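Presented below is the structure to which this report refers.
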Amino acid sequence: MKIFYSIKDFIDHKLEINVFIPTMGNLHNGHMSLVEHAKKYSDNICVSVYVNEDQFTEKKDFESYPKSLEKDINMLKKSGATYLLLPKKDDINFFSKPFDIKLEPKNLTSDLCGKHRPGHFLAVIDILHRFFQIINPKHVLLGEKDFQQLIVINELIKICNYEINLISSPIIRDIKGLALSSRNNHLSEKEKIIARDIYKSLLLAKQMFNNNIPINEIIKEIHRIFDKSPIKLEYFTIRDSKTLQERNDSDLIALIAAYVGNIRLIDNIFIRSGT
Ligand code: AMP
């Protein structure tokens with residue numbers, strides 16, 4: 012695996028990247044599953060590790076974001092990634108143009124997580140827009156764990172007419188169902204046990220849907236459950252999984268964001284697809 016610390020060096024190599032996997036490091040098996048998935052498309056895979064300060068609503072969250080570069084490099088070497096890009100902010104800004112904020116798809120970026128994290132998705136759009144200009148990949152591979160991000164980046168590709176194919180990869184969980192996340196490192200063992208209830212609530216929602224319980228009843232019931240829980244619900248909702256707009260009759264996804272202690276976790280589950 013070749014490591015690039017400078018964008019100039021990366022550009023000078025005139026590489027043709029097939030699959031690009033953006034990450035913020037502190038890699039875990041969820042990230043590794045993306046590399047594994049990418050191998051189905053190509054053995055020319057570029058992973059980036061870059062913690063984008065602008066997408067953090069709280070400065071202290073950015074500062075405390077877990078970093079483990081040496082471990083990340085070892086994991087990526089073993090995974091079969093071809094290139095690793097470790098860029099610096101000034102370098103990225105020098106070699107790319109910003110996203111035109113007038114084009115922000117606010118219907119998507121100011122809803123759900125965006126409602127609670129103003130500016131977050133605009134910053135995500137901006138950094139991916141910059142990476143797309145620099146890397147020019149054929150495919151970009153993102154995890155379904157950050158489902159709204161997936162839909163937002165799909166929109167970025169359309170807005171800017173990028174000829175990039177977006178591939179999504181399923182959520183990897185620990186054996187108790189907790190979705191793997193770099194933020195889990197901040198949870199105590201006790202909090203990790205509590206956090207399992209997030210996935211349990213999604214499974215319950217799916218089961219209720221399969222038992223023909225109306226969607227508004229499901230949403231009320233999940234809220235009732237969390238009212239009595241140490242987990243603080245930010246939102247729980249059921250949406251169209253293609254558009255993230257209010258539910259329709261075919262593709263449905265339940266989405267949740269919740270706090271365990273000070274740690275904000277997100278998760279989701281497909282309730283119904285492709286009818
Ligand atoms: P991050 O480093 O958190 O920005 O995540 C980088 C990529 O890994 C994103 O596309 C995430 O959706 C994906 N990802 C993070 N956690 C998981 C997981 N548990 N399963 C699958 N993909 C994940």
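To get the numbering used here, take the position in the sequence shown, counting from 1, and add 11. Positions of the beta carbon are idealized from the N, C-alpha and C atoms, including for glycine. These numbers come from a predicted model, not from an experiment.
Spatial neighbours of residue i in its chain, beta-carbon cut-off 6 Å, leaving aside the 5 residues before and after
i: residue 244; result: 237 and 269
i: residue 189; result: 206 and 207
i: residue 178; result: 150 and 152
i: residue 2; result: This structure gives no information on residue 2, because the portion of the chain shown stretches from 12 to 286.
i: residue 277; result: 268
i: residue 217; result: 280 and 282
i: residue 35; result: 62
Where residue i falls: helix, strand or coil (DSSP)
i: residue 62; result: coil
i: residue 41; result: helix
i: residue 278; result: strand
i: residue 31; result: strand
i: residue 22; result: helix
Same chain, Cβ closer than 7 Å to residue i, neighbours up to 5 away in sequence not counted
i: residue 33; result: 59, 139 and 142
i: residue 146; result: 28, 31 and 57
i: residue 160; result: 135 and 153
i: residue 118; result: none
Whether residue i touches residue j by CB criterion (8 Å)
i: residue 251; j: residue 283; result: no
i: residue 38; j: residue 83; result: yes
i: residue 202; j: residue 272; result: yes
i: residue 168; j: residue 162; result: no
i: residue 75; j: residue 183; result: no
i: residue 18; j: residue 106; result: yes
i: residue 191; j: residue 40; result: yes
i: residue 97; j: residue 16; result: yes
beta-carbon residue i near the ligand SAM non-hydrogen atom, thresh 7 Å
i: residue 100; result: Ligands in the displayed structure: the ligand AMP; the ligand SAM is not one of them.
Whole beta strand (DSSP E) runs in the region 71 to 152 with 3 or more residues, listed along the chain?
94 to 96
Counting only runs of 3+ residues fully inside the region 188 to 262, write out the beta strand (DSSP E) ranges in chain order.
243 to 251
Closer than 6 Å is what we want: which residues have a beta carbon that near any heavy atom of the ligand AMP? List them in chain order.
34, 35, 41, 42, 44, 45, 153, 154, 156, 157, 180, 182, 183, 190, 191, 192 and 193
Hey, which unbroken runs of the beta strand (DSSP E) at 3 residues or more fall wholly within the region 155 to 183?
176 to 180
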